[in-house]
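Reviewing the structure listed below.
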């Protein structure tokens, strides 16, 4: 099984550019989420979705957009990249919305110059 | 919202020794406490979890304890091995919400 697949693994952007981080899961999970990981700050929730057509903001949503048109896909969009968005981004999914193990992708390292 | 603090940020032990990582949480309504292990270049992976109706849970060399009164929980790894070297994250969540709040992470190094 592929599990949670993130693309790209590495990306370098210039300030002001836009891009989309892709996330797909093949486990029929209801819940999907995006985290960013920064040194000394753990994993912080950006946006999450409890099902197709439903999204909500997490802890640090500013500068990011998401959509959930299908159960499988949950892309994260940066409309105008800023150096503060330099980070490692993880997509995670789980079967249930209130309990259950989170399955993480392998991460996408983004550098904004 | 929930706030989870994790200590220490780095921990170095000799192979065969025990390692303990501690976390405190702020919201007394939290009742699910997982621990994740992140190996270099990989995403975090669940290694053990505990719910608030249980005080301790063991799985081979790892165990988690929970003190609801004091609002803290700990990860214990016995007989550490070099492959235990990784970043460990604690987390907390309420039943009524779907948001999982993570601690800052602990870099564990097991020296051969």
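Protein chains in written order, with our numbering: chain A, 998 to 1110; chain B, 108 to 219. No residue lacks a Cβ here, since even glycine has one placed at the ideal position from N, Cα and C. This one's a predicted model, so the numbers in the text were calculated from it and none came from an experiment.
Point to revise | Of the residues B:215, B:209 and B:216, the one placed nearest residue 1038 (chain A), counting alpha carbons only | key: Residue numbering aside, residue 1038 (chain A) sits at position 41 when the first chain is read from its first letter. Closest by alpha carbon: B:209.
Point to revise | At least three beta-carbon pairs within less than 8 Å, the region 1003-1017 of chain A to the region 1040-1059 of chain A | key: no
Review point. Rounded to a whole number of angstroms, what is the C-alpha to C-alpha distance between residue 114 (chain B) and residue 1041 (chain A)?
Key: For the purposes of this step, residue 114 (chain B) is identified with residue 7 of the second chain, where counting begins at 1. For the purposes of this step, residue 1041 (chain A) is identified with residue 44 of the first chain, where counting begins at 1. Cα to Cα, residue 114 (chain B) sits roughly 17 Å from residue 1041 (chain A).
Check your understanding: Pairing CB atoms from the region 1019-1030 of chain A with CB atoms from the region 187-199 of chain B, are three or more of them under 8 Å?
Key -> no
Exercise for review: Output the boundary residues of the beta strand (DSSP E) element that contains residue 167 (chain B).
Suggested key: As a first step, residue 167 (chain B) is located in the second chain; it is residue number 60 there, counting from the start. Careful: residue 167 (chain B) lies outside any beta strand (DSSP E) and carries neither H nor E.
Review point. What residues in its chain sit with their C-beta under 6 Å from that of residue 1076 (chain A), if we drop five residues either side in the sequence?
Key: Taking the first chain and counting its residues from 1, one reaches residue 1076 (chain A) at position 79. Counting only Cβ-Cβ distances below 6 Å, and skipping sequence neighbours, we find 1015.
Check your understanding: Beta carbon of residue 138 (chain B), beta carbon of residue 119 (chain B): below 7 Å?
Key -> As a first step, residue 138 (chain B) must be located in the second chain, where it is residue number 31. As a first step, residue 119 (chain B) must be located in the second chain, where it is residue number 12. Contact: no.
Practice item. Could you please tell me which residues of the region 114-143 of chain B, in chain order, have their CB closer than 9 Å to any CB of chain A? Key: 116, 139, 141 and 143
Review point. Which one or two residues does DSSP pair with residue 1089 (chain A) in a beta bridge?
Key: Within the first chain, residue 1089 (chain A) is the residue found at index 92, counting from 1. Its beta-bridge partners are A:1030 and A:1101.
Point to revise | residue 1069 (chain A) versus residue 1002 (chain A): straight-line alpha-carbon distance, rounded | key: What you label residue 1069 (chain A) is simply residue 72 of the first chain in a count that begins at 1. What you label residue 1002 (chain A) is simply residue 5 of the first chain in a count that begins at 1. Answer to the nearest angstrom: the Cα atoms are 10 Å apart.
**Study point:** Minimum Cβ-Cβ distance from residue 182 (chain B) to chain A less than 7 Å
**Key:** Working through the second chain from its first residue, we reach residue 182 (chain B) at position 75. Closer than 7 Å: no.
Point to revise | Contact list for residue 149 (chain B) against chain A, beta-carbon separation under 7 Å | key: Looking up residue 149 (chain B) in the second chain gives position 42. Near residue 149 (chain B) (Cβ distances below 7 Å), the residues of chain A are 1103.
**Study point:** residue 1081 (chain A) classed as buried or exposed, judged by whether at least 16 other C-beta atoms fall within 10 angstroms
**Key:** Taking the first chain and counting its residues from 1, the one referred to as residue 1081 (chain A) is at position 84. It counts as exposed.
Point to revise | residue 1038 (chain A): contacting residues in chain B (beta-carbon distance under 8 Å) | key: Counting from 1 along the first chain, the entry for residue 1038 (chain A) is found at position 41. Going along chain B in sequence order, the residues near residue 1038 (chain A) (Cβ under 8 Å) are 211.
**Study point:** Between the CA atoms of residue 207 (chain B) and residue 175 (chain B) - distance to the nearest angstrom
**Key:** Sequence index remark: in the second chain, residue 175 (chain B) carries index 68 (1-based). Sequence index remark: in the second chain, residue 207 (chain B) carries index 100 (1-based). Rounded to whole angstroms, residue 175 (chain B) to residue 207 (chain B) spans 18 Å at the Cα level.
**Study point:** Reduced DSSP secondary structure (H/G/I, E/B, other) of residue 109 (chain B)
**Key:** In the second chain, counting from the first residue as 1, residue 109 (chain B) sits at position 2. Residue 109 (chain B): coil per DSSP, three-state reduction.
**Study point:** For residue 155 (chain B), the residue or residues it bridges with in DSSP
**Key:** Along the second chain, read from residue 1 onward, the residue named residue 155 (chain B) stands at position 48. Answer by DSSP bridge pairing, in chain order: B:142.
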